[in-house]
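Following: one structure in structure tokens, then a few remarks.
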Amino acid sequence: MFHSLDWVSTLMDTERARERICSALDAIDAAHDEVLCQTPSDVVGNAFRIDLAERLQVQDRVNRGLIYRIFDEIADPPDEAGCVPAVRRSRPASWRMTSPELRRQSSALAYPDHVTTTEYLGLVEHPRAWDTQRVPPYRDVGAFNDRATGYDAGWRGRLHHTISDRTAELAVRMVPSADAILDVGCGTGYLLHVLADSYPEAERLAGIDAAPQMVEVARSFARDDRLAFTHGVAEQLGYPDHTFDLIVSTTSFDHWSDQQAGLIECARVLRPGGRLVLVDQLSRWLVPTLAGSRHSKARTPGRAERLLTQAGFRSLQWHRVHAVIINAVTATAPV
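Going by the working numbering, the first residue of the sequence shown is number 15, and it counts up by one from there.
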């Protein structure tokens, strides 16, 4: 009798989960059909149209990533009805990707971004040999400049605040005390303000961002003399060696033009044994989606670990930050 009741409970949980997922998808369809399609675009204005288009683009990338995740999880064992192979055969060929194929795509995109792996290894041995003039322009700077003024009030800003709050909590756990802190890709400065409250003993909190309008907004919000914001890029931080105890970066890593060079710079300006907290969309689920983009880099934990190790970092640890794809890796600078 116990086993029978247990089976019924499991079946009910399965049905509830299916109903919740289907209801959520129905709500998305309703929003598209009843709201977006039937609302004249001139009613909402240009700024909202642009923001909405970008949000739908992000949703599309995430949805495709989830599709690959679902089919990756059911690639091998079919359920009791044996229907999975038939379902997979009925889907477009581009969706049918097995676990080995995911791993191959991840490995194929591991190296490099803009210079060869041999040159990267040389930079680790001779950081000063890196030519800052070789840094390609950052993409999307214009878009971030355009949305800087209202960024914190929009959905991106609210999401970034949540991620930043959790990043600050993680940073305090990893580095209980810090005199000097740097935020690479600081945006409007929200995270640095949170860190200023979390580290009352810190003497210096610096932020750097590639979008000048973001920096201007960050400066206008600053109410703490310890905070300073600079226009610049990760590949050319401009600080002396061994300046900071802690470096944080949230959802900026994917925008770096040369991720390896940026990590080498982070290692250079960290004090021996200092900590890096790197937060971004780092997930195996997104590999197939991003592999087809000429702009995006494969955001996989394995690739991030390789880049960090080549930059000289050690003691890497992974942490879940938000949802299923926003993760953090913490690393220690060379002693």
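Backbone N, C-alpha and C fix where the C-beta goes; we use that ideal spot for every residue, glycine too.
Applying the 10 Å Cβ sphere with the 16-neighbour rule, what's the burial state of residue i?
i	result
T314	buried
S266	buried
T28	exposed
N341	buried
D154	exposed
D197	buried
P99	Because P99 sits at a pLDDT of 48, beneath the cut-off of 50, its placement in the model cannot be relied upon, and the following sentence gives the value as read from the coordinates. Per the 10 Å Cβ criterion, exposed.
F62	exposed
A185	buried
G288	buried
Per DSSP, residue i is paired with what?
i	result
A242	A220
W332	V343
T264	V293
L173	DSSP lists no partner for L173.
L209	Beta-bridge pairing links L209 to no other residue.
F258	L284
According to DSSP, is residue i helix, strand or coil?
i	result
R289	strand
F158	helix
A194	strand
V189	coil
D272	coil
L251	coil
F327	coil
T181	helix
A225	coil
G316	helix
S108	Unreliable positioning characterises S108 in this predicted model, as indicated by a pLDDT of 49, which lies under 50. The coordinate reading is nonetheless provided below. Three-state DSSP puts S108 in a helix.
E33	helix
A236	coil
E215	coil
V231	helix
L300	Residue placement at L300 is poorly supported in this model, since its pLDDT is 45, which falls under 50; the coordinates are not used for a value here.
T163	coil
T373	Here the chain comprises residues numbered 15 to 349, so residue 373 is not present and cannot be evaluated.
V349	coil
D27	helix
In its own chain, which residues sit with a C-beta less than 6 Å from the C-beta of residue i, not counting the 5 before and 5 after it?
i	result
R117	Per-residue confidence for R117 stands at a pLDDT of 46, beneath the threshold of 50, marking its modelled position as unreliable; no derived number is given.
A345	L290, L322, F327 and L330
V293	T181, T264, V335 and A342
N159	A225 and Q227
G276	A248, E249 and W270
V231	A162 and T202
R233	F243
D238	A210
Return the chain-ordered list of same chain residues with a C-beta closer than 8 Å to the C-beta of residue i, the five sequence neighbours on each side being excluded.
i	result
G370	The first residue shown for the chain is 15 and the last is 349, placing residue 370 beyond what the model contains.
P254	V283
G246	I222, D223, A224 and G252
Keeping to the same chain, check which residues put their C-beta closer than 7 Å to that of residue i; ignore five residues upstream and five downstream.
i	result
T176	H336
D179	V208
R240	A210, A216, E217, R218 and L219
L206	D197, C200, L219, G221 and L241
F235	T202 and G203
V189	D259, L260 and R289
Measure how close the beta-carbons of residue i and residue j come, nearest whole angstrom, since I'm counting them as under 8 Å.
i	j	result
D193	A216	6 Å
L260	I195	5 Å
C200	D166	Incorrect: roughly 13 Å between the Cβ atoms, too far for contact.
Q324	Q274	6 Å
T244	V229	7 Å
H256	P286	7 Å
Y204	H174	7 Å
Regarding residue i and the ligand GTP, is the C-beta to nearest heavy atom distance less than 6 Å?
i	result
H336	This structure simply doesn't include the ligand GTP, nor any ligand for that matter.
Step through the CB atoms of chain C and report whether any lies within less than 7 Å of the CB of residue i.
i	result
R34	Included in the structure is just one protein chain, with no chain C present.
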